[in-house]
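Under my numbering, residues 27 to 67 are what the sequence shown spells out, in order. Here a beta-carbon is modelled for each residue, glycine too, at the ideal position from N, C-alpha and C. Since the model is a prediction, treat every value here as computed from it, not as a measurement.
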Amino acid sequence: MGDKKLDNLYAALMLIEILLEKGLINQATYSNIVKNAKSHI
Numbered sequence: 027m028g029d030k031k032l033d034n035l036y037a038a039l040m041l042i043e044i045l046l047e048k049g050l051i052n053q054a055t056y057s058n059i060v061k062n063a064k065s066h067i
């Protein structure tokens, strides 16, 4: 079950990275999301 959670987290972070590349979110938002996500691992 833990692997599925990590897979979902990885997929979510990849989607957020795509949003950053497309300019739909800013760097500060991306940094906060990544920092928060890594603190939950």
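Whole-angstrom distance between residue j and residue i, CA atom to CA atom
| i | j | result |
| --- | --- | --- |
| I51 | D33 | 22 Å |
| I42 | Y56 | 7 Å |
| S65 | L46 | 20 Å |
| D29 | L35 | 10 Å |
| K31 | K48 | 26 Å |
Proximity below 8 Å, CB of residue i to CB of residue j
| i | j | result |
| --- | --- | --- |
| A63 | L39 | yes |
The alpha helix (DSSP H) enclosing residue i, as first and last residue numbers
| i | result |
| --- | --- |
| K61 | Q53 to S65 |
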